[in-house]
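Protein sequence lines, in the order shown, are assigned to chains A and B.
The opening residue of the first sequence carries number 79 in my numbering; numbering runs sequentially from there.
The opening residue of the second sequence carries number 5 in my numbering; numbering runs sequentially from there.
For each residue, glycine too, the CB sits at the ideal point set by N, CA and C.
Since we're looking at a predicted model, the values are computed, not measured.
Let me begin by presenting the structure, written as structure tokens, before commenting on it.
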Amino acid sequence: MASVDVTTQENSTAPAANGPVESEPNDAMKLAVRRFLGRVFAVATTLLGLLFLTFSMGRLLPADPVLAITGAEVSKEVYDRVFKELGLDQPIYIQFLNYVKKVLTGDLGVSAITGQPIVTDLMTIFPATVELAIVAMIVGALLGVPLGITAAVHRGKPIDHVARVIGLAGHSIPTFWMGLMALFIFYAKLQWVGASGRVDVFYEGLVTPVTGFLLLDSAIDGNWEVFRSALGHIILPGSILGYYSVAYISRMSRSFMLEQLSQEYIITARAKGLASRQVIWRHAFRNIRVQLLTVMALTFGGLLDGAVLIETVFAWPGLGQYLTRGLQMNDMNVVMGAVLTIGIVFLIINITSDVLYRILDPRTR
Amino acid sequence: MMKHLLAAFLVAAATAVPQHQALAASPPNMLVIGTNLTGIRTLDPADNNARTVSELISNLYDNLVQLAPDDLQKLQPMLATKWTVSPDGKLITMTLRSDAVFQSGNPVTAEDAAWSIQRVIKRGQVGSTDIALWGFTPENVETLVRAKDAHTLEIELPIPVNSDLVLYSLAGSSIGIIDKKTALSHEANGDLGSAWLAANSAGSGPFALSQWRPNDIAVFDAQKKYWGGAPAMARVVARHIPESGNLRLQLQAGDVDVGQYVASGDLDALSKDGKMVIDSVPGLGFYYIALNQKDPDLQKPLVREAFQHAFDWKAIAGNIMRYTGFPWQSVVPRGMIGAPSDSTGRYDYDPAKAKALLAQAGYPNGLSKTLNPSGAATLPFTEALQASARAAGFNLNLVPGEYTPAFRERKYEVLLGNSGARLPDPFAVATQYAYNPDNRDEARLGSYYLWRTAMQVPELNTLVDQSMKERDAGKRTEIFKKIDVTYKSMNPPLIVFFQRTDPYVMRANVKGYHGHTTWSTRWHHVTKE
Numbered sequence: 079m080a081s082v083d084v085t086t087q088e089n090s091t092a093p094a095a096n097g098p099v100e101s102e103p104n105d106a107m108k109l110a111v112r113r114f115l116g117r118v119f120a121v122a123t124t125l126l127g128l129l130f131l132t133f134s135m136g137r138l139l140p141a142d143p144v145l146a147i148t149g150a151e152v153s154k155e156v157y158d159r160v161f162k163e164l165g166l167d168q169p170i171y172i173q174f175l176n177y178v179k180k181v182l183t184g185d186l187g188v189s190a191i192t193g194q195p196i197v198t199d200l201m202t203i204f205p206a207t208v209e210l211a212i213v214a215m216i217v218g219a220l221l222g223v224p225l226g227i228t229a230a231v232h233r234g235k236p237i238d239h240v241a242r243v244i245g246l247a248g249h250s251i252p253t254f255w256m257g258l259m260a261l262f263i264f265y266a267k268l269q270w271v272g273a274s275g276r277v278d279v280f281y282e283g284l285v286t287p288v289t290g291f292l293l294l295d296s297a298i299d300g301n302w303e304v305f306r307s308a309l310g311h312i313i314l315p316g317s318i319l320g321y322y323s324v325a326y327i328s329r330m331s332r333s334f335m336l337e338q339l340s341q342e343y344i345i346t347a348r349a350k351g352l353a354s355r356q357v358i359w360r361h362a363f364r365n366i367r368v369q370l371l372t373v374m375a376l377t378f379g380g381l382l383d384g385a386v387l388i389e390t391v392f393a394w395p396g397l398g399q400y401l402t403r404g405l406q407m408n409d410m411n412v413v414m415g416a417v418l419t420i421g422i423v424f425l426i427i428n429i430t431s432d433v434l435y436r437i438l439d440p441r442t443r
Numbered sequence: 005m006m007k008h009l010l011a012a013f014l015v016a017a018a019t020a021v022p023q024h025q026a027l028a029a030s031p032p033n034m035l036v037i038g039t040n041l042t043g044i045r046t047l048d049p050a051d052n053n054a055r056t057v058s059e060l061i062s063n064l065y066d067n068l069v070q071l072a073p074d075d076l077q078k079l080q081p082m083l084a085t086k087w088t089v090s091p092d093g094k095l096i097t098m099t100l101r102s103d104a105v106f107q108s109g110n111p112v113t114a115e116d117a118a119w120s121i122q123r124v125i126k127r128g129q130v131g132s133t134d135i136a137l138w139g140f141t142p143e144n145v146e147t148l149v150r151a152k153d154a155h156t157l158e159i160e161l162p163i164p165v166n167s168d169l170v171l172y173s174l175a176g177s178s179i180g181i182i183d184k185k186t187a188l189s190h191e192a193n194g195d196l197g198s199a200w201l202a203a204n205s206a207g208s209g210p211f212a213l214s215q216w217r218p219n220d221i222a223v224f225d226a227q228k229k230y231w232g233g234a235p236a237m238a239r240v241v242a243r244h245i246p247e248s249g250n251l252r253l254q255l256q257a258g259d260v261d262v263g264q265y266v267a268s269g270d271l272d273a274l275s276k277d278g279k280m281v282i283d284s285v286p287g288l289g290f291y292y293i294a295l296n297q298k299d300p301d302l303q304k305p306l307v308r309e310a311f312q313h314a315f316d317w318k319a320i321a322g323n324i325m326r327y328t329g330f331p332w333q334s335v336v337p338r339g340m341i342g343a344p345s346d347s348t349g350r351y352d353y354d355p356a357k358a359k360a361l362l363a364q365a366g367y368p369n370g371l372s373k374t375l376n377p378s379g380a381a382t383l384p385f386t387e388a389l390q391a392s393a394r395a396a397g398f399n400l401n402l403v404p405g406e407y408t409p410a411f412r413e414r415k416y417e418v419l420l421g422n423s424g425a426r427l428p429d430p431f432a433v434a435t436q437y438a439y440n441p442d443n444r445d446e447a448r449l450g451s452y453y454l455w456r457t458a459m460q461v462p463e464l465n466t467l468v469d470q471s472m473k474e475r476d477a478g479k480r481t482e483i484f485k486k487i488d489v490t491y492k493s494m495n496p497p498l499i500v501f502f503q504r505t506d507p508y509v510m511r512a513n514v515k516g517y518h519g520h521t522t523w524s525t526r527w528h529h530v531t532k533e
């Protein structure tokens, strides 16, 4: 309704040359920009609050970033020197303000545990995580959506129960254990995949990073051996991570589908004599795409920071491990940098799914 | 273009899995070490002395002298071919070899050596703790450590100190000799090249750094022109593999040649594998129980004595401690001068005796205290203590977490931890366990464990001071014996149960890899059969 009001208002003040037909997309554009800015503002405020909370909580942790650097046997003199170098001698609110000031200029500080600027760390870590999350997402969607839809179509029948068990197993078996078992089978016994890191040690440094996504970089470089090795390393953690999200995706697909299948238009379609496959995929599925998109977007966000255990088992140099290590050693620059990155990713996911909604759902146009 | 790329992508993806099989096992001229690279923020020698990073640095930089892994108290030449100590013990003169070059091609000179030592003191980072003890300060170091000519280095000692201690410290990884010209050409804001050296190497060692990604991987390439001969391994890779189960599988598959920080369960399994060798390298440190003397209950000598009998250490000696320590109850490490031949008969698990001691101290109904591990690594050990102490009248409330910071600030009641030192002399351990020159809170002498327990024993302070200055080996032996006896008889607040060992797992075809007690493990002579 709001959009109609705005359109009429602006139409009344518009010069005669601009007919209502031409001004409509213009107004819609303005509205979209306004909405977008509003959202960015809301998220920015949220991010600031999130940073403040993270920062304050970090200061309550018993871990000592100085000792993480110097070791526990360090003398008083060296301790004090490093303490000061890290800026820990300032009051907490000053530390926080200094931090925010720097963030606004694009400087996320230096990590106490890697000695590198956070931005440099994130340049290698973030693509590694996103690459893993994308593979996981593909596995999760390819398994989860058909599983959920099949379950809905065969509601209450054995196939529905089997689908439920398959989904829940992925969610309830500890990923840590599943990772080790999978390594035992696919790495140690079958020797199909690599065990740790992003690529075999022999291929380290052979491909110059362009995008940071090793699969893409090696393909661009035409180095197919590295590509194969990289694929062999990502496929197992990616699949396990993807399988973990199957439960959520398939349960959601199932309930969305059930809702659609009880609608009148489905009964009509069936009455018209359409084949069951057509009814499900052409009619019902089209209508759950938007809802599924929300589920996917949320799952993807969760995969970015929720992969700590898998990253540890597979020594995957990703964001989850980075953040956890930062927390353990109270390296606040790392923690805040990672939190900020995740926050921004959620912002982007939100905006992207907004745009996709508009494309997929004619009612929102 | 995109279509082609996509097609190529898919073809490669389809063929990837079966072809990977051929790639397993590291090549014969490459050594892969599976380790934990957490917390290494720089590869600058002056900023480091922890275990893993010491090994990495020791292969990039040569020292003036080195210690053989099998005879720690015997100094061997490295960049210095010979050295003399003046009769008054105040001047060490070292002659440097003339055939050593840095990876840049610059020759190694006494000027580089002097500058490297001065730099450690001036930087004042962790590495400086290794030599600052001998009286060097940023103000005096330039005059005291100097190049007499291109191949003669003079080290003048500002305070009386046993010259062997000084020479041992020169073998430590933080005193690696750096290429002055190269380092200074990358200097920024007067950092003496530190920012650049964090991720680059400028040494004369058998390897040069070719890749470094913190928390992920370090790749080292052999220096073919190394003065000691080209290493057999053309490349060494240290890879971060934090999960012990994964590391074990990679060792067994042959993708990893040497494994460090393997958990005890996996060590048990690997010990049964004929293709693996486990080398438990003795370390200069102990597993101990610390009792905070600011706590009025724990101050009582009878309570401290009761603690000696509250821990069933024999029960864990065969399992969780099998590879990480051996029973030891003296503060002088086994095999060192002044060490007892056997120290394991000093206190045994005796719940009845502990209870009686507690009753005598005024706690007939037992005593409740909070127990913390120093960190995750000592948690299993802490759980064992909690269980056995219950029968001995102690109700210990175990709170897990990272408690080293609290220990350093004396904010704990009972803590269980482990220590490490690198100087191969009992003096290093005695300083930690028996020395506390200022017991006030504001002194913040967190590097001394005895300060952390808030106890001060003037007699021990004097003995430790003497052990640093004394030049006569026989007299030093007597001093350490005396420290041991004094310590034992005072019911110390640091109760030692095990001496630490560090297990290294190697594939049986790896030869010449010897984990070093002082952590300066070198790869120069490593071969693979």
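Where residue i sits in the DSSP three-state scheme
| i | result |
| --- | --- |
| ASN513(B) | coil |
| ASP301(B) | coil |
| LYS318(B) | helix |
| VAL223(B) | strand |
| VAL69(B) | strand |
| GLU158(B) | strand |
| ALA458(B) | coil |
| THR207(A) | helix |
| PHE211(B) | strand |
| ASN365(A) | helix |
| PRO344(B) | coil |
| THR374(B) | strand |
| ARG150(B) | strand |
Rounded Cβ spacing between residue i and residue j (contact assumed at less than 8 Å)
| i | j | result |
| --- | --- | --- |
| PRO286(B) | GLN436(B) | With 8 Å as the limit, PRO286(B) and GLN436(B) do not qualify as a contact, their Cβ atoms being about 16 Å apart. |
| LEU402(B) | GLU413(B) | About 20 Å; that fails the 8 Å criterion. |
| LEU157(B) | ALA117(B) | 5 Å |
| LYS486(B) | LEU467(B) | 6 Å |
| ILE83(B) | VAL105(B) | Here the sequence assigns Leu to residue 83(B), which means Ile is not the residue at that position. The pair is not a contact, with the Cβ atoms about 11 Å apart (cut-off 8 Å). |
Residue i classed as buried or exposed, judged by whether at least 16 other C-beta atoms fall within 10 angstroms
| i | result |
| --- | --- |
| ILE216(A) | exposed |
| ALA72(B) | exposed |
| GLN80(B) | exposed |
| PHE119(A) | exposed |
| ASP66(B) | buried |
| ILE263(A) | exposed |
| PHE114(A) | exposed |
| ASP444(B) | It should be pointed out that residue 444(B) corresponds to Arg in this sequence rather than to Asp. It is exposed - the Cβ of ARG444(B) has fewer than 16 other Cβ atoms within 10 Å. |
| PRO142(B) | exposed |
| PRO337(B) | buried |
Any non-hydrogen atom of the ligand SAM within 7 Å of residue i CB
| i | result |
| --- | --- |
| VAL231(A) | The ligand SAM is not part of this structure, which contains no ligands at all. |
Bridge partners - residue i, DSSP secondary structure assignment
| i | result |
| --- | --- |
| LYS229(B) | BP columns for LYS229(B) are empty, so no partner. |
| GLY38(B) | ARG243(B) and GLY263(B) |
| MET452(A) | Residue numbering for chain A in the displayed model covers 79 to 443; residue 452(A) lies beyond these limits and cannot be assessed. |
| SER284(B) | PRO507(B) |
| TRP87(B) | MET98(B) |
| PRO111(B) | VAL105(B) |
| TYR292(B) | GLY421(B) and VAL500(B) |
Any contact of the stretch 224-237 of chain A with the stretch 200-217 of chain B, i.e. 3+ C-beta pairs under 8 Å? no
Do three or more CB pairs link the stretch 366-380 of chain B to the stretch 322-335 of chain B at distances below 8 Å? no
Count Cβ pairs between the stretch 373-387 of chain A and the stretch 164-179 of chain A that sit closer than 8 Å; are there 3 or more? no
Stretch pair the stretch 260-279 of chain B + the stretch 305-315 of chain B: three plus CB contacts closer than 8 Å: no
Are at least three pairs of beta-carbons, each pair with one atom in the stretch 168-182 of chain B and one in the stretch 38-58 of chain B, less than 8 Å apart? yes
Evaluate contact between the stretch 336-346 of chain B and the stretch 381-397 of chain B, counting only Cβ atoms and requiring at least three cross-stretch pairs below 8 Å. no
Given 8 Å, three or more beta-carbon pairs between the stretch 240-258 of chain A and the stretch 315-332 of chain A: yes
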